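Mapping to our numbering: the sequence shown position 78 is 184, numbers consecutive.
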Amino acid sequence: MLLNGNNNDKNAQLMKLVKSKPLPVHVAIIMDGNGRWAKKRGLQRIAGHRQGVETLRDIIKISDELGIKYLTIFAFSTENWKRPVSEVNALINLLVEYLRREVKELHSKNVKINILGCLKAFPDTVQREIKKAVELTSKNSGLNINIALNYGGRADIVRAAKNIAKDVYNNNLSPDDIDEELFSKYLYTAHMPDPDLLIRTSGEFRISNFLLYQIAYTELVFTPSDILWPDFDLRAYLKAIIEYQNRQRRYGGINSREDET
Numbered sequence: 107m108l109l110n111g112n113n114n115d116k117n118a119q120l121m122k123l124v125k126s127k128p129l130p131v132h133v134a135i136i137m138d139g140n141g142r143w144a145k146k147r148g149l150q151r152i153a154g155h156r157q158g159v160e161t162l163r164d165i166i167k168i169s170d171e172l173g174i175k176y177l178t179i180f181a182f183s184t185e186n187w188k189r190p191v192s193e194v195n196a197l198i199n200l201l202v203e204y205l206r207r208e209v210k211e212l213h214s215k216n217v218k219i220n221i222l223g224c225l226k227a228f229p230d231t232v233q234r235e236i237k238k239a240v241e242l243t244s245k246n247s248g249l250n251i252n253i254a255l256n257y258g259g260r261a262d263i264v265r266a267a268k269n270i271a272k273d274v275y276n277n278n279l280s281p282d283d284i285d286e287e288l289f290s291k292y293l294y295t296a297h298m299p300d301p302d303l304l305i306r307t308s309g310e311f312r313i314s315n316f317l318l319y320q321i322a323y324t325e326l327v328f329t330p331s332d333i334l335w336p337d338f339d340l341r342a343y344l345k346a347i348i349e350y351q352n353r354q355r356r357y358g359g360i361n362s363r364e365d366e367t
């Protein structure tokens with residue numbers, strides 16, 4: 107279990123509290139603040155991304171320990187191509203490095219890797235490395251790690267609409283068959299439950315085009331501005347889950363304790 111120095115007792119208490127209540131089945135995370143973390147330390151942005159990878163390793167481990175079934179991480183958005191070429195290339199190389207280093211251990215722990223997004227924009231060597239990791243872990247039944255790569259929520263919805271239109275055109279589907287359940291089956295997250303909890307680090311209060319269709323009733327937790335992604339440790343993660351556990355999820359209805367008149 108990931109416990110931090112002198113805070114062992116407090117972290118153990120938080121862990122016990124988290125395990126005493128229903129856990130989110132699906133957690134999504136916008137890992138924000140790597141660049142600012144590096145800048146505060148006089149380092150290049152890639153140093154923040156590297157430290158962010160170490161944070162991700164810890165969050166995957168604790169998610170697996172808690173028994174969370176789905177962990178979706180926003181690794182590279184459709185808008186990230188606008189960044190300097192040097193940073194884009196560094197991020198892509200870091201992804202390949204991570205997969206090569208971690209995939210065997212993840213596989214040994216029964217973790218399944220899924221990709222959300224269009225991989226065609228990446229170099230062939232990168233696509234092969236990603237597909238190798240997906241294929242190796244494809245039959246695993248433990249924690250599902252969904253890595254959103256070249257992903258955008260709007261692009262996800264447009265892609266689904268196009269594929270539905272093609273099926274209608276080819277007489278494989280009737281327009282009367284189209285409802286929310288069917289539409290969701292055309293998204294990258296087909297056959298997965300919608301996120302219960304979405305966490306964004308660094309104090310930013312935006313969704314940034316992430317899982318727009320899927321988070322209609324997701325509970326949102328935004329960390330304070332001083333908790334950048336590389337600083338998002340076990341304690342911060344457990345606190346986010348506790349905040350989720352203390353909320354009343356109504357899905358458009360009302361709480362049974364509320365006055366219904």
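All C-beta atoms, glycine included, are put in the ideal place defined by N, C-alpha and C.
Only a predicted model underlies this, so the values are computations on that prediction, with no experimental measurement involved.
Short Cβ contact (8 Å threshold) for residue i with residue j
i           : j           : result
residue 254 : residue 144 : no
residue 198 : residue 232 : yes
residue 309 : residue 295 : no
residue 218 : residue 244 : yes
residue 139 : residue 334 : yes
residue 319 : residue 263 : yes
residue 327 : residue 357 : no
residue 270 : residue 251 : no
residue 256 : residue 227 : yes
residue 292 : residue 266 : yes
residue 135 : residue 305 : yes
residue 169 : residue 249 : yes
residue 191 : residue 239 : no
residue 212 : residue 174 : no
Segment limits, beta strand (DSSP E) that includes residue i
i           : result
residue 325 : 325-328
residue 222 : 218-222
Rounded Cβ spacing between residue i and residue j (contact assumed at less than 8 Å)
i           : j           : result
residue 164 : residue 340 : 7 Å
residue 314 : residue 183 : 7 Å
residue 338 : residue 161 : 6 Å
residue 176 : residue 298 : 6 Å
residue 301 : residue 133 : 7 Å
residue 347 : residue 124 : 5 Å
Which residues DSSP lists as bridging residue i, in chain order
i           : result
residue 350 : In DSSP, residue 350 forms no bridge with anything.
residue 254 : 180, 222
Residue span of the alpha helix (DSSP H) that contains residue i, given as start and end
i           : result
residue 245 : Per DSSP, residue 245 belongs to no alpha helix (DSSP H) and is neither H nor E.
residue 199 : 191-214
*What runs of the alpha helix (DSSP H), each 4 residues or longer, lie entirely inside the region 270-321?*
Within the region 270-321, the complete alpha helix (DSSP H) runs of at least 4 residues are 286-290.
*Any chance you could list the alpha helix (DSSP H) runs of at least 4 consecutive residues sitting entirely within the region 108-162, in chain order?*
Assignment of alpha helix (DSSP H) within the region 108-162, counting only whole runs of 4 or more residues, yields 114-125, 140-146 in chain order.
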